[in-house]
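Accompanying notes for the structure given below.
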Amino acid sequence: MNTHVNDLNRLIQDLSSNHEAHLIGIRRDIHAHPETGFDVERTSGVVARELESLGIEHVTGVGRTGIVGFIPCGAPGPTLIIRADMDALPIKEQTGLPFASRIEGKMHACGHDLHTATLIGVGAVLKEIAPRLSGNIKLMFQPAEETQESGAAAMIADGVLDGVDFALGFHNHPDEPIGTFSFVEGIANGSSDEFDITIHAVSGHAARPHMAVDPVVATAQLITQLQTIVSREVDPMRPAVLTIGSIHGGNTHNIIPDSVGIMGTVRCQDPVSRDAIEAALRRVCAGLEASMRVRCEINYVRGVPSLVSDDRLLKTTIAAIRDHFGDVVLKREASLGAEDFALVGAKVPAFQLGVGASQEGRDDRLHNSDYQPDERCIGNGVVALSLAAARLLA
C-alpha cells in the first residue's frame, strides 16, 4: 500500500475515534426515543442538527421524513450514496438499560439507532477528507424500513437517486463478533410479498352446520393447500417460503362465523418462483371457492425485490477493510430476510456490508426485546464505510 493510502487510512481512523463517544451518545438518545414507520420526526431532527453542526448541506422531508446530506469532493467524479435506516419496531423493550426506550411499546430492536449514528459519523469523516476525493457523496437517512409502505420507495420517488452512480448500505449483525465484517455474494436476501385472504361464508348454529357454510373448515383446507405450493410447485433448488402468520375467525364456541381471515408472507430469491407462487395461491383460492362454497377476498401486495450485491462494490469495499483491519471479514450465506435497500439496488449498483455487533457473553438476535448490541460497532462501521467511500471515489 502506498504512503498516501496509509496516511488517508490513519486519518480516517483518527477522525472516527475523535467522534466515537459523541456518536454513542447520539445512539443512546435515539434509542431512548424510538419512532416507527414514517413518524420519525424527532430522529430526523437529531440528524438535521448534527449535519448542520458538521457544515454538511442537507435537505429534509425527502420521502416525507427522510433526510439527504450532500458532500461535494475536491474533483469531478461519480456520485456515491450511503444509506442508513432510522425507524424502530413496535416491541416493548426488556433490556433494563439506563437509556432504554421511554416510549411504551416501541424499541430499536433492529439497531437502526446504531445505523443512524454510524452514518452521521461517516458524514463527519467524509466531510473532512472530501477535498482528497473525486465526485460527490449523498447521505441517505431513511424512514420506514420496517413497514409494508417503504421509506426507500418514498425517497426514490422524491428523487434521492437522481445523479447517483452506486450505493452502499450496511446492517449490524449481533450474531457476528464485534470487530468483524461480512458480505454475501450475488443474491443477498429474499424478495418479500404479503397477502391477506378473507374467506367469506354463511354463519349459523354450530349444532346445525348443514344450514351454514363453514369458513373455519375451508380455511383449514386452504392453509394446508397453500403449504404444498413451495414443496410441490417450486424448484427445490430455488429458495422460497410461504408462511401464514395470522389467523382469526369467530368469537365463541357455538357459532359458525361469517368469515375467517389469514395473513401471510412469501419470500423468494428468484422472480420465476415469485410469479409462480402468487399464481398458485390465486388458483388454490379459486378451487376452494368451487369446492367449499365460500368466497375468497385476496389482497396480495408485492413488496421489495431481492438485493443483489454488485461485484465491484463488494470487492472494493472488502479489500479496503482487509487492508486496514486485517483478516476480519466473513462470507455469509444468503437469507430470505427482506430489506428495502433492495429498491435502491434495483436502480443502481449496490452492496450492503455486514457489521459485527455481538457483545461478549451474549447471544442476541435482531427483533428481540432484549437486544443489546456492542456499541463499538458504530466506530467500526464509520471506519469501514469511510474507507470504502475513499477507495470508490479515489
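In this text, residue positions in the sequence shown follow our numbering: the first is 3, and each later residue adds one. Just so it is clear, CB atoms sit at the ideal spot from N, CA and C, and this is done for glycine as well.
- Query: Would you call the stretch 357–368 and the stretch 175–189 touching, i.e. three or more CB-CB distances under 8 angstroms?
  - Reply: yes
- Message: Taking 8 angstroms as the cut-off, does the stretch 281–297 touch the stretch 176–194 (at least 3 CB pairs, one atom from each stretch)?
- Response: no
- Query: Under a Cβ-count criterion, where at least 16 other Cβ atoms within 10 Å of its own Cβ denotes burial, should Arg104 be classed as buried or exposed?
  - Reply: Working through the sequence shown from its first residue, we reach residue 104 at position 102. By the neighbour-count rule (16 or more Cβ atoms within 10 Å), Arg104 is not buried but exposed.
- Query: Does DSSP put Ala169 in a helix, in a strand, or in coil?
  - Reply: Walking along the sequence shown from the start, residue 169 turns up at place 167. Of the three classes helix, strand and coil, the one that applies to Ala169 here is strand, per DSSP.
- Extent of the continuous alpha helix (DSSP H) run through Cys379: Here residue 379 refers to the residue found at position 377 of the sequence shown. Taken as a continuous stretch (DSSP letters only), the alpha helix (DSSP H) holding Cys379 covers Arg378 to Leu394.
- Task: Starting from Arg285, trace the alpha helix (DSSP H) both ways and give me its first and last residue.
- Result: What you label residue 285 is simply residue 283 of the sequence shown in a count that begins at 1. Start and end: Pro273 to Met294.
- Item | Anticipated Cβ contact below 8 angstroms, Phe300 with Ala119, distance rounded | Within the sequence shown, residue 300 is the residue found at index 298, counting from 1. Within the sequence shown, residue 119 is the residue found at index 117, counting from 1. Looking at the sequence itself, residue 300 is Ile, so the reference to Phe does not match. Not a contact, Cβ separation roughly 42 angstroms.
- Task: For His60, count neighbouring C-beta atoms within 10 Å of its own C-beta (all shown protein chains included) and say buried if the count is 16 or more, exposed if not.
- Result: Taking the sequence shown and counting its residues from 1, the one referred to as residue 60 is at position 58. Buried, because 16 or more other Cβ atoms sit within 10 Å of the Cβ of His60.
- Task: Have a look at Asp342 and Ala222 and give me their C-alpha separation to the nearest angstrom.
- Result: Position 340 of the sequence shown holds residue 342. Position 220 of the sequence shown holds residue 222. So the two alpha carbons sit approximately 32 angstroms from each other.
- Query: Ends of the beta strand (DSSP E) at Ala352?
  - Reply: To locate residue 352, count along the sequence shown from 1; it is residue 350. Looking at the DSSP string, the run of the beta strand (DSSP E) that includes Ala352 is Ala352 to Ser360.
- Going by beta carbon distance, what residues of the same chain come within less than 8 angstroms of Ser371, once the five residues before and after it are set aside? For the purposes of this step, residue 371 is taken as the residue at position 369 of the sequence shown. Only Ile93, Lys94, Glu95, Gln96, Thr97, Met109 and Ala111 meet the Cβ criterion.
- Can you give the beta carbon distance from Ala86 to Leu121, rounded, assuming they're within the 8 angstroms contact cut? Your numbering for residue 86 matches position 84 in the sequence shown. Your numbering for residue 121 matches position 119 in the sequence shown. Right, their Cβ atoms sit about 4 angstroms apart.
- Message: According to DSSP, Cys298 sits in a beta bridge with which residue or residues?
- Response: Walking along the sequence shown from the start, residue 298 turns up at place 296. Note: Cys298 sits in a beta bridge opposite Ile201.
- Kindly give me the distance between the Cβ atoms of Ile131 and Leu10, rounded to whole angstroms, as I take these residues to be in contact under 8 angstroms. Counting from one through the sequence shown, the residue named residue 131 turns up at place 129. Counting from one through the sequence shown, the residue named residue 10 turns up at place 8. Correct: roughly 7 angstroms between the Cβ atoms.
- Buried or exposed by the 16-neighbour rule on C-beta atoms within 10 Å, applied to Ile257: For the purposes of this step, residue 257 is identified with residue 255 of the sequence shown, where counting begins at 1. The residue in question, Ile257, is exposed, as its Cβ has fewer than 16 Cβ neighbours within 10 Å.
- Message: Restricting to runs no shorter than 4 residues, where is the alpha helix (DSSP H) found entirely within the stretch 109–192?
- Response: 114–131 and 153–159
- Query: How many angstroms separate the CA atom of Gly39 from the CA atom of Ala154?
  - Reply: The residue given as residue 39 occupies position 37 in the sequence shown. The residue given as residue 154 occupies position 152 in the sequence shown. Approximately 11 angstroms between the Cα atoms of the pair.
- Beta-carbon contacts of Glu43 that lie in its chain and below 8 angstroms, excluding the five residues immediately before and after: Here residue 43 refers to the residue found at position 41 when the sequence shown is read from its first residue. Hits under 8 angstroms: Glu37 and Thr67.
- Query: Under the three-state reduction of DSSP, which class applies to Asp87: helix, strand or coil?
  - Reply: Locating residue 87 in the sequence shown gives position 85, where the first residue counts as 1. Note: Asp87 maps to strand in three-state DSSP.
- Task: Could you spell out the range, first to last residue, of the alpha helix (DSSP H) harbouring Ser233?
- Result: Residue 233 sits at position 231 when you count from the first residue of the sequence shown. Note, Ser233: alpha helix (DSSP H), Pro217 to Glu235.
- Closer than 7 angstroms: Asn382 CB and nearest the ligand GTP heavy atom: With respect to the ligand GTP, the structure offers nothing, as it holds no ligand at all.
- Query: Would Gly188 pass as a contact of Ser311 if the rule is Cβ separation under 8 angstroms?
  - Reply: Within the sequence shown, residue 188 is the residue found at index 186, counting from 1. Within the sequence shown, residue 311 is the residue found at index 309, counting from 1. It is a contact, given that the beta carbons lie within the stated cut-off.
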